[in-house]
Amino acid sequence: MAVVDLAKNSDLMWKQSVWSSLIAAAIAAHHLKEGGLISLTGAKAALEATPGMIGYGVAKAAVHSLTKTLAANGSGLPANSLSVAILPVTLDTPMNRKWMPKADHTSWTPLQFVAELLFNWSTGKDRPANGSLMQLITNNSQTSLIPA
Numbered sequence: 007m008a009v010v011d012l013a014k015n016s017d018l019m020w021k022q023s024v025w026s027s028l029i030a031a032a033i034a035a036h037h038l039k040e041g042g043l044i045s046l047t048g049a050k051a052a053l054e055a056t057p058g059m060i061g062y063g064v065a066k067a068a069v070h071s072l073t074k075t076l077a078a079n080g081s082g083l084p085a086n087s088l089s090v091a092i093l094p095v096t097l098d099t100p101m102n103r104k105w106m107p108k109a110d111h112t113s114w115t116p117l118q119f120v121a122e123l124l125f126n127w128s129t130g131k132d133r134p135a136n137g138s139l140m141q142l143i144t145n146n147s148q149t150s151l152i153p154a
């Protein structure tokens, strides 16, 4: 990989993943109610080395760190808030289906699962520990939630 591509791709991934997460954290610090939820999107792939996609891995690892940092005392979030990151492998979106039409879609996490999960957490049901990184693992169209 050319150094120019590495820098360019890393910059794009940083802006897409880290900046948006930092903006969400800043808004949460000012407007989240006590006991509220901030959910960020990390990636299962970033739990390990990502040599084929360095910028992506570095950016998602930063989101994982931010999630844990927001859970710490003194982070600026209101009392009893929940900071959590979902770590999908591949989400079942129209764009992913367009670009990967021959992929095994039974291993992709449905958006309905994610929506229900976030709704439950936002209403206090089945909340994970503060600062959790929650892997979304889908096999044979069945999704499991596994703490990292």
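Those letters in the sequence shown? Residues 7 to 154, by my numbering.
Glycine included, each C-beta is placed from N, C-alpha and C at the ideal position.
Sequence-distant residues of the same chain with beta carbon closer than 7 Å to residue i, five excluded per side
i	result
Thr75	Ser81
Met7	In this prediction, Met7 has a pLDDT of 49, which is less than 50 and means its spatial position is unreliable; nothing more can be read from the coordinates.
Thr112	Asn146 and Ser147
Whole-number beta carbon distance between residue j and residue i, since they are thought to touch under 8 Å
i	j	result
Ser137	Ser89	According to the sequence as given, residue 137 is Gly; it is not Ser. Rounded, the Cβ-Cβ distance is 6 Å, consistent with contact.
Thr99	Leu117	7 Å
Ala91	Leu139	5 Å
Distance, residue j Cα to residue i Cα
i	j	result
Met101	Leu46	20 Å
Asn126	Phe119	11 Å
Asn145	Arg133	23 Å
Glu122	Ala13	37 Å
Leu83	Lys108	43 Å
Glu54	Leu97	19 Å
Ala85	Ala52	29 Å
Arg103	Asp110	10 Å
Leu38	Ala68	22 Å
His36	Pro57	37 Å
DSSP bridge partner residues for residue i (one or two, in chain order)
i	result
Ile92	Thr47 and Met140
Leu150	For clarity, residue 150 is Ser in the given sequence; the question names Leu instead. BP columns for Ser150 point to Ile143.
Leu97	Thr115
Any non-hydrogen atom of the ligand ATP closer than 6 Å to residue i Cβ
i	result
Lys21	Among the components of this structure there are no ligands whatsoever, and the ligand ATP is therefore not found.
Cut-off 6 Å between Cβ atoms - residues of its own chain near residue i, not counting five sequence neighbours on either side
i	result
Gln141	Lys50, Leu93, Ile152 and Ala154
Leu43	Leu88, Trp127 and Ser128
Ser27	Leu46, Val69 and Leu72
Other residues of its chain near residue i: CB distance less than 8 Å, five sequence neighbours each side excluded
i	result
Ala30	Ile44 and Leu46
Decide if the segment 56-66 is in contact with the segment 13-21; the criterion is three or more beta carbon pairs, one per stretch, under 8 Å apart. Touching, per the Cβ criterion.
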